[in-house]
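Using this note's numbering, read the sequence shown as starting at -17 and increasing by one per residue. Beta carbons: idealized from backbone N, C-alpha and C, even for Gly. Working notes, beginning with the structure itself.
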Amino acid sequence: MRSVVWSLMAVAAVALAGCNNSSNPSSPAGTDGSAAAPTGPAHSITGTVTLRGGITPSAQDKLEIKLLDVTAQGSAPLATKTIAPATTFPLPFELDFNPADVAGNDLYIVQAELTDGDRHYTMPLQAPVLTKGSPTTNVAVELAPEQTPGEKLLAAFQGVQKQIGGMKRSTGTKLEPNASRAWQVFRDGGQVKFIRELVDYGDKGFTSTDYAYKDGKPWVVQQQKKSSQTARPSSVDTAGWGDDGSLVLKTHEAGGNTDTLSDSDAANLQQQAKDTLNLATGGKGK
């Protein structure tokens, strides 16, 4: 009879233990046995900025990175970061933002721009992030260099150079005490667009100069200096002016190097362009 009593007591104890365990809800455990922290919404974007072409910017550059809502155009960035200077690439970045500012149905992008003097580096491709399945980590941002205003002007000038064969042409010469001049004037629509001038200074050298004009004013001047007409150029000076008259193109090439043409040398080329236009057109300017 005693053995039956002890058996019933053991069964009751096991049942009571089972009730106590079932009253505590189970939760996932971490690797150290503690409960895992709940996962919240993203609060930062991380990634890397690279430069196309392996270009190394100067120590005066500035990189700006923004997190933008492109659905709500004109809205303030969710996050911004400025790095100056930014000379080591690839360059990691992190943008912290408030998750409460994120609208789940909007489209977000990372926008980056590098400014280095007249040179700007921008993104050829957008970098969507955050919503609609886009990433929040390992975001790849690539920047490519844009043409400077001077480079754009030079490309336009070279385009005109290629077109002078289809323009109306006239020629002229002038013998001076210390030089012999010859020129070709190229007109389009009754306006002087281009003048090519050759000046022989005897034992003092030779110059070949291309003058391009816009609205009757010097636009771009490119002058080659040589020891003689058939010699290779010892230097090439190029100057160009924007529509507002500002000097935006100024280069001096010599000995395989390209430097900045001085403002005074550029002003001298501009005056030469005016004098040559006056000479070649008999003072008419067209």
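Pairing VAL174 with ASN87, the inter-Cα distance amounts to about 58 Å. Close CB contacts of TYR183 within its chain, under the 8 Å cut and outside five residues either way in sequence, are with ASN160, ALA161, THR189 (chain order). Taking every protein chain shown into account, the CB of GLY148 has fewer than 16 other CB atoms within 10 angstroms, so this residue is exposed. The straight-line gap separating the alpha-carbon atoms of THR28 and ALA122 is approximately 9 Å. Rounded to whole angstroms, the separation of the alpha carbons of THR220 and LEU136 is 9 Å. THR233 and PRO110 have their alpha carbons spaced roughly 40 Å apart.
Contact annotation, THR97 with LYS44: C-beta distance approximately 5 Å; criterion of less than 8 Å satisfied. For PHE75, no alpha helix (DSSP H) run applies; the uninterrupted beta strand (DSSP E) run containing it begins and ends at 73 to 78, by DSSP. Rounded to whole angstroms, ALA248 and ASP197 show a C-alpha spacing of 19 Å. Considered as a whole, the region 42 to 105 harbours 44 to 51, 61 to 65, 73 to 78, 90 to 98, 101 to 104 as its complete beta strand (DSSP E) runs of no fewer than 3 residues, in chain order. Contact check for LYS156 against GLY187 fails: the beta carbons are separated by 8 Å or more.
Under DSSP, LYS207 shares a beta bridge with THR189, SER217. Closest in C-alpha terms to PRO74, from the list ASN80, PRO81, ILE65, ALA82, comes ILE65. In the DSSP assignment, GLU133 falls within the unbroken alpha helix (DSSP H) covering 131 to 145. Per DSSP, reduced to three states, the secondary structure at ASN239 is strand.
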